[in-house]
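Peer 1: Numbering (the working numbering), first residue to last: 2 to 350.
See below:
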């Protein structure tokens, strides 16, 4: 879709027409959702990345929609309902036609005992609660959250996905998606599932330090599955402030990213701006889902999307890659979190 055509979510008198015209939109796989190139990641509204000013966050959501950002992603896991609650407040009074919203099932509490539950009963109960918190009658995409943590992929295929298909049939969701860190597991799920999967959400796998997602793009395109590229900043690694303490990356990876950030700071540049621009250059990705917590962050993201970075910025990006990020040996942390979870659960048996 060209940048000059209005998407189905456009409402005259509500949206900023010039901002919407400037936004690129693409069809999400085989769905009829025409989504913005930049999507609103509501993970930070759950406080995983620190506390926030709720009023400013609500304003960020509302401004984003008016500026043409029409896809919003959340989950019960984000703040154990806080992200969905804040979004519910932000979306109040906004025409339902003006946005697409996606939430998830499967990942819930902070304690290991109650962190994951992919059963039919929990899926049904959780999704009902999500609709209530969001204040909507339906979501556009309902996703299974971090499918790699299920005791077996069979549970996702025989229990979770069939229940989501039922929710779609009953009108509480329009499409089904899956999310996860190991892209190979997303591929396997699509290959094995009898339930139609419309989108995948891959996070931290198409960034300055890891481009694993690109290896799987041909497969997803062949199956006409929408590709949502999330966490392009590698969950805080590629920012001047650095990641939270819980970040699973190796110390060596964190060190190189911190050096890259310091190098950018010394030149009055935000590493995150370079990282975002880099990840937005891949045409095969349907949308880039970027976590937003403030109006300031929204403005910066939109500026990079519309104006890119300067030639000086591109030169700095190349320097940062050559001096620091190319030295990152452990480009991912695949299996690390799963192992910690499995060990913790085994110790409780």
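In this text, a Cβ means the ideal position worked out from N, Cα and C, and glycines have one as well.
Classify residue 144 as helix, strand or coil using the three-state DSSP reduction.
Peer 2: Within the chain shown, numbered from 1, the residue matching residue 144 stands at position 143. Here residue 144 sits in strand by DSSP.
Peer 1: Apart from the five residues just before and just after residue 152, which ones in its own chain have a Cβ nearer than 6 Å to its Cβ?
Peer 2: Counted from its first residue, the chain shown places residue 152 at position 151. Once the five neighbours on either side are set aside, residue 152 has no close Cβ partner at all.
Peer 1: Can you tell me whether residue 344 is buried or exposed, with buried defined as 16 or more other CB within 10 angstroms of its CB?
Peer 2: Reading the chain shown from its first residue, position 343 is the one you call residue 344. When all chains shown are included, residue 344 counts as exposed.
Peer 1: Can you give the Cα-Cα distance for residue 108 and residue 135, rounded to whole angstroms?
Peer 2: If you number the chain shown from 1, residue 108 lands on position 107. If you number the chain shown from 1, residue 135 lands on position 134. Cα to Cα, residue 108 sits roughly 17 Å from residue 135.
Peer 1: Would you call residue 216 buried or exposed, if buried means 16 or more other Cβ atoms sit within 10 Å of its Cβ?
Peer 2: The residue given as residue 216 occupies position 215 in the chain shown. Residue 216 should be labelled exposed.
Peer 1: If you measure between the beta carbons of residue 171 and residue 124, is that distance less than 7 Å?
Peer 2: Position 170 of the chain shown, counted from the first residue, corresponds to residue 171. Position 123 of the chain shown, counted from the first residue, corresponds to residue 124. No; because the gap between Cβ atoms is not below 7 Å, this pair is not in contact.
Peer 1: Since residue 74 sits in a beta bridge, which residues does DSSP pair it with?
Peer 2: Locating residue 74 in the chain shown gives position 73, where the first residue counts as 1. For residue 74, which the question treats as bridged, DSSP gives the partners 42, 103.
Peer 1: Please classify residue 262: is it buried, with 16 or more other beta-carbons within 10 angstroms of its beta-carbon, or exposed?
Peer 2: For the purposes of this step, residue 262 is taken as residue 261 along the chain shown, with counting starting at 1. Label assigned to residue 262: buried.
Peer 1: With residue 254 as the anchor, note down where its beta strand (DSSP E) starts and where it stops.
Peer 2: The count along the chain shown starts at 1 and reaches residue 254 at position 253. Segment 252-266 is the alpha helix (DSSP H) holding residue 254; no beta strand (DSSP E) there.
Peer 1: Using DSSP's beta-bridge definition, name the partner residues of residue 203.
Peer 2: Residue mapping note: residue 203 aligns to position 202 of the chain shown, counting from 1. In DSSP, residue 203 forms a bridge with 181, 230.
Peer 1: What are the partner residues of residue 292, as DSSP defines its beta bridges?
Peer 2: Locating residue 292 in the chain shown gives position 291, counting from the first residue. Beta-bridge pairing links residue 292 to 42.
Peer 1: Looking only at C-alpha atoms, which of 56, 308, 254, 167 sits nearest to residue 210?
Peer 2: In the chain shown, the residue the question calls residue 210 occupies position 209. The residue with the shortest Cα to Cα distance from residue 210 is 254.
Peer 1: Kindly give me the distance between the Cβ atoms of residue 238 and residue 265, rounded to whole angstroms, as I take these residues to be in contact under 8 Å.
Peer 2: Within the chain shown, the letter at position 237 stands for residue 238. Within the chain shown, the letter at position 264 stands for residue 265. That pair is no contact at about 13 Å.
Peer 1: Taking 8 Å as the threshold, find out whether the segment 49-58 comes into contact with the segment 299-310 through three or more Cβ pairs.
Peer 2: Judged by Cβ distances under 8 Å, the segment 49-58 makes no contact with the segment 299-310, as fewer than three pairs qualify.
Peer 1: Are three or more beta carbon pairs between the segment 7-20 and the segment 175-187 nearer than 8 Å?
Peer 2: As far as the Cβ criterion goes, the segment 7-20 does not touch the segment 175-187, which means the pair count is below three.
Peer 1: For residue 117, write down the residues that DSSP places opposite it in a beta bridge.
Peer 2: In the chain shown, residue 117 corresponds to position 116, counting from 1. Per DSSP, 108.
Peer 1: Quick check on the burial criterion: 16 or more other C-beta atoms within 10 angstroms. Buried or exposed for residue 104?
Peer 2: Locating residue 104 in the chain shown gives position 103, counting from the first residue. Residue 104 is buried by the Cβ-count criterion.
Peer 1: Indicate the three-state DSSP secondary structure (helix, strand or coil) for residue 176 in the structure shown.
Peer 2: As a working note, residue 176 is residue 175 in the chain shown. Residue 176 falls in the strand class under three-state DSSP.
Peer 1: Would the beta-carbon of residue 80 fall within 7 Å of that of residue 47?
Peer 2: What you label residue 80 is simply residue 79 of the chain shown in a count that begins at 1. What you label residue 47 is simply residue 46 of the chain shown in a count that begins at 1. Contact: yes.
Peer 1: Would you list, in sequence order, the uninterrupted beta strand (DSSP E) runs of no fewer than 3 residues that lie entirely inside the segment 292-326?
Peer 2: Runs of the beta strand (DSSP E) inside the segment 292-326: none found.
Peer 1: Would you check if the distance between the CB atom of residue 229 and the CB atom of residue 207 is smaller than 7 Å?
Peer 2: Mapped onto the chain shown, residue 229 falls at position 228. Mapped onto the chain shown, residue 207 falls at position 206. No, they are not a contact pair.
Peer 1: With a threshold of 7 Å on Cβ separation, who are the neighbours of residue 51 within its own chain once the five nearest residues in sequence on each side are excluded?
Peer 2: Working through the chain shown from its first residue, we reach residue 51 at position 50. Answer for residue 51: no residue qualifies.
Peer 1: Looking at the secondary structure, which residues open and close the beta strand (DSSP E) in which residue 139 lies?
Peer 2: As a position in the chain shown, residue 139 is number 138, starting the count at 1. First-last for residue 139: undefined, no H or E at that position.
Peer 1: Check this for me: beta carbons of residue 20 and residue 68, under 7 Å apart or not?
Peer 2: Stepping through the chain shown from its first residue, residue 20 is reached at position 19. Stepping through the chain shown from its first residue, residue 68 is reached at position 67. In contact: residue 20 and residue 68 (Cβ atoms closer than 7 Å).
Peer 1: One question on the structure: do residue 138 and residue 175 come within less than 7 Å of each other, judged by their Cβ atoms?
Peer 2: Mapped onto the chain shown, residue 138 falls at position 137. Mapped onto the chain shown, residue 175 falls at position 174. Against a cut-off of 7 Å, the Cβ pair of residue 175 and residue 138 comes out as no contact.
Peer 1: What do you get for residue 247, buried or exposed, if any count of 16 or more other CB atoms within 10 angstroms of its CB means buried?
Peer 2: Along the chain shown, read from residue 1 onward, the residue named residue 247 stands at position 246. So residue 247 ends up on the exposed side.
Peer 1: What does the alpha-carbon distance come out to for the pair residue 337 and residue 310?
Peer 2: Here residue 337 refers to the residue found at position 336 of the chain shown. Here residue 310 refers to the residue found at position 309 of the chain shown. Their Cα atoms are separated by approximately 34 Å.
Peer 1: From residue 54 to residue 192, what does the alpha carbon distance come to, in whole angstroms?
Peer 2: Working through the chain shown from its first residue, we reach residue 54 at position 53. Working through the chain shown from its first residue, we reach residue 192 at position 191. The alpha-carbon atoms of residue 54 and residue 192 are separated by roughly 43 Å.
Peer 1: From 277, 316, 318, 285, pick the residue whose C-alpha is nearest to that of residue 298; which is it?
Peer 2: Taking the first residue of the chain shown as 1, we reach residue 298 at position 297. Checked all of 277, 316, 318, 285; the closest Cα to residue 298 is 277.
Peer 1: Looking only at DSSP bridge pairs, what is residue 26 linked to?
Peer 2: For this step, residue 26 is matched to residue 25 along the chain shown. BP columns for residue 26 point to 37.
Peer 1: Quick check on residue 351: does DSSP put it in helix, strand or coil?
Peer 2: Beyond the ends of the chain as shown, which are 2 and 350, falls residue 351; an answer cannot be given.
Peer 1: Identify the continuous alpha helix (DSSP H) that holds residue 170 and give its terminal residues.
Peer 2: Taking the chain shown and counting its residues from 1, one reaches residue 170 at position 169. Counting along the chain, the alpha helix (DSSP H) containing residue 170 begins and ends at 162-170.
Peer 1: Might you give, ordered along the chain, the residues of its own chain that have their beta carbon closer than 6 Å to the beta carbon of residue 241, omitting 5 neighbours on each side?
Peer 2: Within the chain shown, numbered from 1, the residue matching residue 241 stands at position 240. Closer than 6 Å at Cβ, skipping near neighbours: 262, 266, 271, 272.
Peer 1: How would you call residue 225, buried or exposed, if buried means at least 16 neighbouring beta carbons within 10 angstroms?
Peer 2: Working through the chain shown from its first residue, we reach residue 225 at position 224. It counts as exposed.
Peer 1: Here's a check: name, in chain order, each residue in its chain whose Cβ is nearer than 7 Å to the Cβ of residue 42, leaving out the five neighbours to either side.
Peer 2: If you number the chain shown from 1, residue 42 lands on position 41. Taken in chain order, the residues that qualify are 74, 231, 290, 291, 292, 293.
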